[in-house]
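K.L.:
Structure below; questions to follow.
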Amino acid sequence: MQILDGKLVSAAVKAQLAEKVTELKALDKKVPHLAAILVGNNPASETYVASKVKSCAEIGFHSTLLRFDEKISEKHLLDNITLLNENADIDGILVQLPLPKHINEELVINAIDPSKDVDGFHPTNVGKMVIGLPTYIPATPYGIMLMLEHYNIPTKGKHAVVIGRSNIVGTPMSVLLSRNANPGNCTVTLTHSQTTNLKELCLQADIIVAAIGRPNFVTADMVKEGAVVIDVGINRIEDASKKSGFRLVGDVDFNAVAPKSSFITPVPGGVGLMTIAALLKNTYNAASQKVN
Ligand code: GUN
Numbered sequence: 005m006q007i008l009d010g011k012l013v014s015a016a017v018k019a020q021l022a023e024k025v026t027e028l029k030a031l032d033k034k035v036p037h038l039a040a041i042l043v044g045n046n047p048a049s050e051t052y053v054a055s056k057v058k059s060c061a062e063i064g065f066h067s068t069l070l071r072f073d074e075k076i077s078e079k080h081l082l083d084n085i086t087l088l089n090e091n092a093d094i095d096g097i098l099v100q101l102p103l104p105k106h107i108n109e110e111l112v113i114n115a116i117d118p119s120k121d122v123d124g125f126h127p128t129n130v131g132k133m134v135i136g137l138p139t140y141i142p143a144t145p146y147g148i149m150l151m152l153e154h155y156n157i158p159t160k161g162k163h164a165v166v167i168g169r170s171n172i173v174g175t176p177m178s179v180l181l182s183r184n185a186n187p188g189n190c191t192v193t194l195t196h197s198q199t200t201n202l203k204e205l206c207l208q209a210d211i212i213v214a215a216i217g218r219p220n221f222v223t224a225d226m227v228k229e230g231a232v233v234i235d236v237g238i239n240r241i242e243d244a245s246k247k248s249g250f251r252l253v254g255d256v257d258f259n260a261v262a263p264k265s266s267f268i269t270p271v272p273g274g275v276g277l278m279t280i281a282a283l284l285k286n287t288y289n290a291a292s293q294k295v296n
């Protein structure tokens, strides 16, 4: 069994980007600039956005964090997105999800200029991804593809079972794994809450991607010997022994599943770090469209 080390791979991606920033600076060109919008005080979202902003600084990108009260009106949020769309200094825009219930997420995503949509959530970019045109790939599935690539994990002809059909992870993951590319060329089964024979399907999987958001959901009896196991879950479990009062666990029962797997991602230290690395790559690409 080998651990897929998100720390190592994300550091490699970030080092490449930092080098590119150094080159841009040497040529007196503009460095990439990411704008992140955070609405409210969801603790997980706070952590994710803080990591994104910090990672920008680490590699020499500019970032701007716009924070709004949970009660912000939809109109005010949309107006701010318009300002970012029109601001030539901003290359990439992300709105951290989830948003408060009174705000229509779809409207907000649709308001982002597709050329600045570094999350790859805008319907224009989703459509491009599905038909294989160059575009921004949603950061989590993109990060997973970078991880598979880094470790040279064979995917051609393999059966991948993706658990969870969210727009952010499961659905784009199923598209990427099935397309004619390397990594890719998998036979993909996209499973969800209405799937009746999940265990049976998982036992046939050469690659499992767990993205349901339920702690320790994938147990050892669901995993074939030698499977590649990618754990997207970042679940907070109360733990009084921790200073923070919680610990993070994935969607996979790591201790039981790891001995059966050929490769497995840990939580933390796996996919989460790759998500940020992939977002930074998207932001670099957004900027270079203008730089070139
Ligand atoms: N919430 C959970 N994952 C993500 C992500 O990748 N991007 C944004 N914007 N919000 C999220």
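Numbering-wise, this note's numbering comes out as the position in the sequence shown, counting from 1, plus 4.
Don't be surprised by glycine CBs; every beta carbon is placed ideally from N, CA and C.
Quick one: residues in its chain with C-beta nearer than 8 angstroms to the C-beta of L42, no 5 flanking neighbours on either side, listed in chain order?
P.N.:
Counted from its first residue, the sequence shown places residue 42 at position 38. S49, E50, V53, L69, L70, R71, F72 and Q100, listed in sequence order.
K.L.:
Given a cut-off of 8 angstroms, decide if A215 and S170 are closer than it, judged by their beta-carbon atoms.
P.N.:
Along the sequence shown, one-based indexing puts residue 170 at 166. Along the sequence shown, one-based indexing puts residue 215 at 211. Yes; because the gap between Cβ atoms is below 8 angstroms, this pair is in contact.
K.L.:
Check L101 in the structure and name its three-state DSSP category.
P.N.:
As a first step, residue 101 is located in the sequence shown; it is residue number 97 there, counting from the start. In the structure shown, L101 sits in coil (DSSP, three-state: anything other than H, G, I, E or B).
K.L.:
Would the segment 137-145 and the segment 275-292 be scored as touching if the rule is three or more Cβ pairs under 8 angstroms?
P.N.:
Result yes; three or more Cβ-Cβ pairs closer than 8 angstroms.
K.L.:
What residues in its chain sit with their C-beta under 8 angstroms from that of G237, if we drop five residues either side in the sequence?
P.N.:
Position 233 of the sequence shown holds residue 237. Excluding residues within five positions, the ones whose Cβ falls inside 8 angstroms are A214, A215, I216, G217, R218, P219, F221, V253, G254, D255, V256 and V271.
K.L.:
Once the 5 residues before and after L82 are set aside, which same chain residues still bring their CB inside 8 angstroms of it?
P.N.:
For the purposes of this step, residue 82 is taken as the residue at position 78 of the sequence shown. Excluding residues within five positions, the ones whose Cβ falls inside 8 angstroms are L111, V112 and A115.
K.L.:
Figure out for me which residue from L88, P102 and L103 has the closest Cα to the Cα of G96.
P.N.:
Sequence index remark: in the sequence shown, residue 96 carries index 92 (1-based). Selected option, being the one with the closest Cα: L88.
K.L.:
Is I172 near the ligand GUN, in the sense that its beta carbon is under 7 angstroms from a heavy atom of that ligand?
P.N.:
For this step, residue 172 is matched to residue 168 along the sequence shown. At least one heavy atom of the ligand GUN is nearer than 7 angstroms to the Cβ of I172, so yes.
K.L.:
Do K308 and G273 have their CB atoms nearer than 8 angstroms?
P.N.:
This structure cannot speak to residue 308, because the chain is shown only from 5 to 296.
K.L.:
Drop a sphere of 10 angstroms on the beta-carbon of D93, count the other beta-carbons inside from all chains shown, and report buried for 16 or more, exposed for fewer.
P.N.:
Position 89 of the sequence shown holds residue 93. It is exposed - the Cβ of D93 has fewer than 16 other Cβ atoms within 10 Å.
K.L.:
How big is the Cα-Cα spacing for M226 and A209?
P.N.:
In the sequence shown, residue 226 corresponds to position 222, counting from 1. In the sequence shown, residue 209 corresponds to position 205, counting from 1. Spanning the two alpha carbons is a distance of roughly 9 angstroms.
K.L.:
Output the boundary residues of the beta strand (DSSP E) element that contains V192.
P.N.:
Start at 1 with the first residue of the sequence shown, and residue 192 comes out as number 188. Note, V192: beta strand (DSSP E), T191 to T195.
K.L.:
For T279, verify whether its CB is less than 7 angstroms away from any heavy atom of the ligand GUN.
P.N.:
As a first step, residue 279 must be located in the sequence shown, where it is residue number 275. Yes, since a heavy atom of the ligand GUN falls inside the 7 angstroms radius drawn around the Cβ of T279.
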